[in-house]
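In this note's numbering, the protein residues as written are 61 to 251. Note that CB positions come from ideal geometry on N, CA and C, so glycine has one too.
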Amino acid sequence: MFRRGFKTWCETVATEKRRTLKVSSTAPLNPRLVAKDMRVAVRYIEQIPNLSPGTLEQLTLKDSDAWSAVTLCHNSRYLVVLNSAHPKTREANTLMHELAHLIIGHKPARLDITQDGLMILSSYDKQHEEEATWLAAALLLPRDVLLHIRRRRLSQQEAANLYGCSIQLVTYRMQTTGVDVQLRRTQQKTR
61 MFRRGFKTWC ETVATEKRRT LKVSSTAPLN PRLVAKDMRV AVRYIEQIPN LSPGTLEQLT
121 LKDSDAWSAV TLCHNSRYLV VLNSAHPKTR EANTLMHELA HLIIGHKPAR LDITQDGLMI
181 LSSYDKQHEE EATWLAAALL LPRDVLLHIR RRRLSQQEAA NLYGCSIQLV TYRMQTTGVD
241 VQLRRTQQKT R
């Protein structure tokens, strides 16, 4: 699925981002702080000028589950537009996902608008999406954070609340990183 060394690279990036931003290895990392450091503007869809009320209603009420965010680039400056209808926990992961694309260096897909006003992506790269998903999760919940959560015996809900993410993301990271296996092995060696 991922190229050799990609997951390790993601953990290294997560550690370096925290170091650069002077955030402790086990403290929550605010995606907006990462965006500011990367000079990426972040706005909600309502903050985009000249959107018709009908378009805004479609994107935030009628079809709010159809999209999470879009990253726009103009003159080498980036803007991430977020769906304000989503919960803050989803917003954190969404923003970090968009930033992950930029960190990795993915080329953005082109967005076209049909004559009847529908937005369509010119391409979709599943590998790029999976890579951004993995890096975003590693940035929000790197291994040091996962070990910290387990050592403090935080529940999934407590961990999600503390780190500003969803329970699903905490569960996903715990299951896919092998942290629980690592801790079990460590405990068995000390017995």
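message: With H, G and I counted as helix, E and B as strand and the rest as coil, what does DSSP make of D176?
response: coil
- prompt: How many Å lie between S215 and H166 at the Cα?
  reply: 35 angstroms
message: Less than 8 angstroms between the beta carbons of Y223 and L200, yes or no?
response: Judged by their CB atoms, Y223 and L200 are nearer to each other than the 8 angstroms cut-off.
- request: Note the first and the last residue of the continuous alpha helix (DSSP H) segment covering Y232.
  value: 227-237
query: For the putative contact between L229 and N153, defined by C-beta atoms under 8 angstroms, what is the C-beta separation to the nearest angstrom?
result: 6 angstroms
- prompt: Can you pull the DSSP bridge partners for T131?
  reply: V140
C-beta contact flag for L7 and P91 at 8 angstroms: This structure does not reach residue 7, given that the chain is present from 61 up to 251, and the question cannot be answered.
message: By the three-class DSSP mapping on this structure, what secondary structure does R103 have?
response: strand
message: Here's the rule I'm using: 16 or more other beta-carbon atoms within 10 Å means buried, otherwise exposed. How should Y184 be labelled?
response: exposed
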